[in-house]
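Quick notes on the structure that follows.
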Amino acid sequence: MNKRHSYNLNVLDDYIYFTSDDGIYRMGINGQGEEKLLSGKIYNLIYQNEKLYYLTSDKKIQSYDINSKEVTDMTQQSAMLINMNDQYLFFYSGDYNVMRYDLKTKQTQKLYSGIVQSGQVIGDKLILNTGMKNSKTGQYQVIMDFNGEQQQRLFVDSSGDYI
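Quick look at the structure:
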């Protein structure tokens, strides 16, 4: 559809939003009308409610309002974008904490401390892939509600099977 390296595809209505080596782009789902929205080295890209959320080269989370073209800093600290839903953005801070940013109140809350490799939102649960294969605690998943309460651990053995 295009002649550039394309990552982090988000298909919405008549458009495909994606990152490339030099910024964020949008094009029609028919491959026509490619347009550069933002310049810079950008990682991750999540579309939510007319905004694009992404990680900058200096590991700050920002949002880009598609309608107003306004860029907003979501975090001041170094972070890794985990995932989000309509109300919350979940990120991993540079000090080994999983944080929840409330998109409505702009408040941040710590949900979990420890090494996190990745995470996902499924329904009303946040699932974190934690630990390191060769660490004392091993790898496991932490499943929790969006307040960080009712945490459950699901351990994985060396072959990748659940225990």
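Per numbering that gives the first Met the number 0, the sequence shown starts with residue 0, numbered consecutively.
Glycine included, C-beta positions come from ideal geometry on N, C-alpha and C.
This structure is a prediction, so every number in the text was calculated from the model and none was measured.
Whole angstroms is fine: what's the gap from residue i's alpha carbon to residue j's?
{"i": "residue 154", "j": "residue 33", "result": "45 angstroms"}
{"i": "residue 67", "j": "residue 139", "result": "42 angstroms"}
{"i": "residue 92", "j": "residue 31", "result": "38 angstroms"}
{"i": "residue 15", "j": "residue 69", "result": "19 angstroms"}
{"i": "residue 102", "j": "residue 78", "result": "16 angstroms"}
{"i": "residue 148", "j": "residue 50", "result": "29 angstroms"}
{"i": "residue 35", "j": "residue 121", "result": "31 angstroms"}
{"i": "residue 145", "j": "residue 97", "result": "11 angstroms"}
Could you work out which residue in the options is closest to residue i when comparing CA atoms only?
{"i": "residue 104", "options": "121, 73, 130", "result": "73"}
{"i": "residue 0", "options": "37, 147, 26", "result": "26"}
{"i": "residue 38", "options": "28, 102, 86, 56", "result": "56"}
Check whether the Cβ atoms of residue i and residue j sit closer than 7 angstroms, and answer yes or no.
{"i": "residue 100", "j": "residue 88", "result": "yes"}
{"i": "residue 54", "j": "residue 42", "result": "yes"}
{"i": "residue 118", "j": "residue 81", "result": "yes"}
{"i": "residue 45", "j": "residue 83", "result": "yes"}
{"i": "residue 17", "j": "residue 8", "result": "yes"}
{"i": "residue 126", "j": "residue 90", "result": "no"}
Ignore the nearest five residues each way along the sequence and tell me which others in residue i's own chain have a CB closer than 8 angstroms to its CB.
{"i": "residue 19", "result": "3, 4, 5, 6"}
{"i": "residue 151", "result": "141, 142, 143"}
Leaving aside the five residues before and after residue i along the sequence, list all residues of the same chain whose C-beta is less than 7 angstroms from its C-beta, in chain order.
{"i": "residue 113", "result": "95, 129"}
First and last residue of the beta strand (DSSP E) that includes residue i?
{"i": "residue 6", "result": "6-11"}
{"i": "residue 43", "result": "41-47"}
{"i": "residue 23", "result": "22-27"}
{"i": "residue 109", "result": "107-112"}
{"i": "residue 89", "result": "87-92"}
{"i": "residue 96", "result": "96-101"}
Taking 6 angstroms as the limit between beta carbons, can you name the residues of its chain near residue i, skipping five residues before and five after?
{"i": "residue 116", "result": "128"}
{"i": "residue 108", "result": "99"}
{"i": "residue 52", "result": "45, 62"}
{"i": "residue 65", "result": "49"}
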